[in-house]
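Peer 1:
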């Protein structure tokens, strides 16, 4: 089999290629995979050991495992990190709802949560606990792309479906493209991968910048791996969308003081800072508003997606906008608001994006299993590939083998046959902060307000 | 398009004042007690979160929070000294290990209590001041307060009896004992002072930027660089060192490449250690 | 004592004192781990135990490498992760970028780590105590910055993808067992090398340097040479462990090989086990790793606070280390050796009442009461 080399973008560190030793045997039940030695590009490359799974283990037998359906949940510090808490609690909520409705194929659903500590080595250990030790039907969750990428080989080895709900690196999907047989167990239910996140930013710019008065923007991107595809898309397409890019900066990951950076944005005369921030988001937005900078602020800002963010930052996020998967009051589908309320009833707070996606992942798996009348991995994989599912974040479909990012959730800017992130602005209503969705029109609850000091 | 020099200088001045405050506690303990307190970063974090809880969660306002930022880390520091350090202070290696482990414990506690997300606290002063392009009033206040506090410390150490006793202990604890100064008590005062200063630094850092559980790490490394550059045991050296590093940092990020944040202080540290380990104003500590 | 006598002493079981015999037995038990883990657990759990043991062995190796320089010569390294990182990354880069087979790549990684040891050790000759430790503390931070700055080469904070495994395997079970033995073999090699050096004259010089460097110079030896040798030894063993790590159960990423947490864990492990003994570091590393793994699985919750113990494992460890440092400052192994010696010593306990131990006294009293009951009631 010949594999084409995938080059993501100029600044990406991942060029896919496979290497194998000539003497390695594959002896799985399914047709084995062969791989060929490939060349490398400069000093970067990816070598994978395609390990084969145990014969007759999980997924062995003709219809899959028996007994209660066990869901393995990999969450980052569910006790102290809202992202992890949302993953864990949403999985439990979904399982509860399934159990009230006869479970999956008549079996009870159990949720086993393990803490990855956001570290790849711990992630690998707990993944093996779940698959080898607890013999779960499938796994879900995972946050930070670093942890996800460290687990891809284990996922392939254990031949267990993983429905990823927190990490955006496109590299995972390109691994599926390079070696479908090995990595077909991986699905990303959400978020849309970083390439499409960037695409969505451009689409938003196209649709809204002229209304908002953002004629020129300064792009600020934090220097972490997830922003590389985003930056590349913005680089290539923002100019064509008729937006004047006054400047672009990829600032250091540990930046805590943004004064110099904001001085440069101010000097460039941009109307707004168009950002992609996750780890450094909070100091950035707090300093923006405290220093009353004469430009507007928004983009992909992960901390702002937390429903409790207004309180945590004493309103520092007022007037800033961010992309998000969903908000508790936006009716993306008929399931969105009921889920958010159910989560709030159970946990006294609203979920973050990973919550919506994890809920959808569990429910979709259940639907696929019922549709296939089987718990065997291969049967469920074909159902996941072929049957769309209406979740809380939109219509969940996965790209096919012949597309650029197989098993990644489909991004559809029209929102009809795929997932489409919404955009919100934090606004103050009745003395409290509220995430008001401003785009797209079908879920908009309000319109963009300019900060008064600009 | 280069940034105007005036704005850059203002930025550098503001940040250097904060750096000086951060490093002073560290240099006090190092200079007087002769030990490296690697839990210095923990005192900073504790100060910031004490201010956050008192002002925001309990709703008592920012000045009550400032008081908490002063008192709580001072108590923590005193507890560390009385409970642990005083028994092992003649063994600097043990002190380093113990304080390092304490730092980790404190970080974990903060992570568990406050979560992993960063939190903001109210500014001490809101609004803008008409300097250059408009300067955040809070920054100017922090700058002024830093100088006031450092000046106070300088006055206390050089002109009051207790302060002079501390100085004496730092030069020679035996000599100080000969004139009736209890070195244990002086060390305790030093640790308390260091904790208080670290707490205020944490408050200022949180009010200008944000507070999160790992906020103490970078200031700790920064303190090393400043103290080594300035020379141990010298308050003047710490202030001068802070300004040198602050300016170097700001100039690098403004004119060279802003992805080089934090690298300036590390490079300075290594260079100084290799070339002139006793720093600008300090005493010998090498062979 | 010449080196060959030392090795003979090490290897001859009949001549060994009890604590050495115990060590050999422990190693033997470890060597048979795949067998008894299968007896203890079933259905895949035994493989998980083996993986945990393998990780524990690596922490033991890292700790031993730290002990070689910091425990023996007193040059405390607070950033030993730099050597693991250099070893692991260079081995991975040689394999991934130049197609060099893992065996040779590991050798290359070890050599690079040794060079790093020289780069850090030689300038550090001018520094003492805390200043030296500061340099070691910032070394991995600087290296990490460089890796992030040139993330096209080094992979930034995501690290590099996995290089080829040292021994090709198929299947989870085979991989687990093979990697365990690879780690165990490397562990033995590092243990052997370090024991050989530290139990010889060189080791005595190391300890002497820690105690009083001037005395060593006065004796006509050059402390600088020995200090550099200690750094070199420590760096190469650490680099070897790091290189083998990335070709077995680990990945060349910053969070596994370079972050401060790794350096700190290594220090805690060696100090807990006993600084300056090598064996203490090995025991401490294995114990720390196993216990942390056990703790993170505990689902019990602390009553008032309502937080599961599994979330608190690092905190509990930090607190536990503090306590242990106070009550057992020499570490667990030293304490065990000393306590064991005391118990085994053939000393008669002092008797202030005419030469009978308390147990004998009680026995005598019983005998008297029984005799009285039987037939001496006419006393």
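Protein chains in written order, with our numbering: chain W, 1 to 454; chain E, 1001 to 1287; chain D, 2001 to 2379. Heads up, the beta-carbon is just placed ideally off N, CA and C, and yes, glycines get one too.
Check the Cβ-Cβ distances between residue 166 of chain W and every residue of chain D, and say whether any is below 8 Å.
Peer 2: No, residue 166 of chain W does not count as interfacial toward chain D.
Peer 1: Label residue 1127 of chain E either buried or exposed according to how many other C-beta atoms from any shown protein chain fall within 10 Å of its C-beta, with 16 as the threshold for buried.
Peer 2: Under this definition residue 1127 of chain E is an exposed residue.
Peer 1: If residue 2397 of chain D sits next to residue 2103 of chain D, beta carbons under 8 Å apart, how far is it from one beta carbon to the other, in whole angstroms?
Peer 2: Given a span of 2001 to 2379 for chain D in the structure shown, any question on residue 2397 of chain D remains unanswerable.
Peer 1: Give me the subset of the segment 1092 to 1106 of chain E whose CB atoms are less than 8 Å from a CB atom of chain D, sorted by chain position.
Peer 2: Cβ contacts with chain D come from 1092, 1093, 1094, 1096, 1097, 1098, 1100, 1101, 1102, 1104 and 1105.
Peer 1: Hey, does residue 2123 of chain D have any beta-carbon neighbour from chain E nearer than 8 Å?
Peer 2: Closer than 8 Å: yes.
Peer 1: Quick one: what does DSSP say residue 1040 of chain E is sitting in, helix, strand or coil?
Peer 2: Looking at residue 1040 of chain E - three-state DSSP - the assignment turns out to be helix.
Peer 1: By the DSSP assignment, the beta strand (DSSP E) with residue 296 of chain W in it spans what residues?
Peer 2: Where residue 296 of chain W is concerned, the enclosing beta strand (DSSP E) stretches over 296 to 301.
Peer 1: Assuming contact is defined by CB atoms lying nearer than 8 Å, are residue 1232 of chain E and residue 1242 of chain E in contact in what I supplied?
Peer 2: No.
Peer 1: Just how far apart, CA to CA, sit residue 1018 of chain E and residue 314 of chain W?
Peer 2: Each residue's alpha carbon lies about 23 Å from the other.
Peer 1: Just the Cα atoms here: how many angstroms apart are residue 278 of chain W and residue 1236 of chain E?
Peer 2: Each residue's Cα considered, the two are about 39 Å apart.
Peer 1: Between which two residues does the beta strand (DSSP E) holding residue 276 of chain W run?
Peer 2: It spans 272 to 277 - the beta strand (DSSP E) in which residue 276 of chain W sits, taken as one unbroken run.
Peer 1: Mapping the DSSP letters down to three states, classify residue 1211 of chain E as helix, strand or coil.
Peer 2: Three-state result, residue 1211 of chain E: strand.
Peer 1: Considering residue 2036 of chain D, what are the terminal residues of the beta strand (DSSP E) in which it resides?
Peer 2: Counting along the chain, residue 2036 of chain D falls outside any beta strand (DSSP E), though it belongs to the alpha helix (DSSP H) covering 2033 to 2040.
Peer 1: By the three-class DSSP mapping on this structure, what secondary structure does residue 428 of chain W have?
Peer 2: Of the three classes helix, strand and coil, the one that applies to residue 428 of chain W here is strand, per DSSP.
Peer 1: Between which two residues does the beta strand (DSSP E) holding residue 250 of chain W run?
Peer 2: Its beta strand (DSSP E) spans residues 244 to 251.
Peer 1: Please report the distance separating the alpha-carbon of residue 88 of chain W from that of residue 2133 of chain D.
Peer 2: Computed Cα separation, rounded: 41 Å.
Peer 1: Would you identify the three-state DSSP class for residue 118 of chain W, choosing helix, strand or coil?
Peer 2: Reduced to three states, the DSSP call for residue 118 of chain W is coil.
Peer 1: Near residue 2125 of chain D, which residues of its chain fall below 8 Å by C-beta distance, leaving aside the five closest residues on each side in sequence?
Peer 2: Hits under 8 Å: 2224, 2227 and 2228.
Peer 1: Who are the Cβ neighbours of residue 2036 of chain D in its own chain at under 6 Å, not counting the five residues just before and after it?
Peer 2: Around residue 2036 of chain D: no qualifying Cβ.
Peer 1: Taking all protein chains shown into account, do 16 or more other C-beta atoms lie within 10 angstroms of the C-beta of residue 437 of chain W, making it buried, or fewer, making it exposed?
Peer 2: Under this definition residue 437 of chain W is a buried residue.
Peer 1: If you drop the 5 nearest sequence neighbours on each side, which residues of the same chain put their C-beta closer than 7 Å to that of residue 173 of chain W?
Peer 2: Once the five neighbours on either side are set aside, the close Cβ partners of residue 173 of chain W are 188, 193, 405, 406, 407 and 408.
Peer 1: In chain order, what residues of the same chain have a beta carbon less than 7 Å from the beta carbon of residue 394 of chain W, not counting five sequence neighbours either side?
Peer 2: Result list for residue 394 of chain W: 332, 333, 415, 418, 419 and 420, in chain order.
Peer 1: Taking its Cβ as the centre, do 16 or more other Cβ atoms sit within 10 Å of residue 2323 of chain D, making it buried, or is it exposed?
Peer 2: With fewer than 16 other Cβ atoms within 10 Å, it is exposed.
Peer 1: Nearest chain E C-beta to residue 257 of chain W closer than 8 Å, yes or no?
Peer 2: Yes, contact with chain E.
Peer 1: What does DSSP give as the partner residues of residue 434 of chain W in its beta bridges?
Peer 2: W:427, per the DSSP bridge assignment.
Peer 1: According to DSSP, residue 2380 of chain D sits in a beta bridge with which residue or residues?
Peer 2: Any question about residue 2380 of chain D goes unanswered here, given that chain D covers just 2001 to 2379.
Peer 1: Using a threshold of 8 Å, state whether the C-beta atoms of residue 2113 of chain D and residue 2087 of chain D are closer than that.
Peer 2: Taking 8 Å as the Cβ cut-off, residue 2113 of chain D and residue 2087 of chain D qualify as a contacting pair.
Peer 1: Measure the Cβ-Cβ separation of residue 223 of chain W and residue 252 of chain W and say whether it is below 8 Å.
Peer 2: Cβ distance < 8 Å, so residue 223 of chain W and residue 252 of chain W count as in contact.
Peer 1: Residue 365 of chain W and residue 380 of chain W - do their beta-carbons sit closer together than 8 Å?
Peer 2: Against a cut-off of 8 Å, the Cβ pair of residue 365 of chain W and residue 380 of chain W comes out as a contact.
Peer 1: What does DSSP give as the partner residue(s) for residue 408 of chain W in the beta ladder?
Peer 2: Partner(s): W:188.
Peer 1: Under a three-way DSSP split, which group does residue 396 of chain W fall into?
Peer 2: Of the three classes helix, strand and coil, the one that applies to residue 396 of chain W here is strand, per DSSP.
Peer 1: Would you mind reading off the limits of the alpha helix (DSSP H) that contains residue 264 of chain W?
Peer 2: It spans 259 to 268 - the alpha helix (DSSP H) in which residue 264 of chain W sits, taken as one unbroken run.
Peer 1: For residue 2186 of chain D, report the span of its alpha helix (DSSP H) as first-last.
Peer 2: Residue 2186 of chain D -> alpha helix (DSSP H) spans 2172 to 2198.
Peer 1: Taking Cβ positions only, does residue 1219 of chain E come closer than 8 Å to chain D?
Peer 2: Judged by the 8 Å Cβ criterion, residue 1219 of chain E is not in contact with chain D.
Peer 1: For a cutoff of 8 Å on Cβ pairs, would you count residue 1228 of chain E as touching chain D?
Peer 2: Yes, residue 1228 of chain E counts as interfacial toward chain D.
Peer 1: Using a threshold of 8 Å, state whether the C-beta atoms of residue 245 of chain W and residue 239 of chain W are closer than that.
Peer 2: Going by C-beta atoms, residue 245 of chain W is nearer than 8 Å to residue 239 of chain W.
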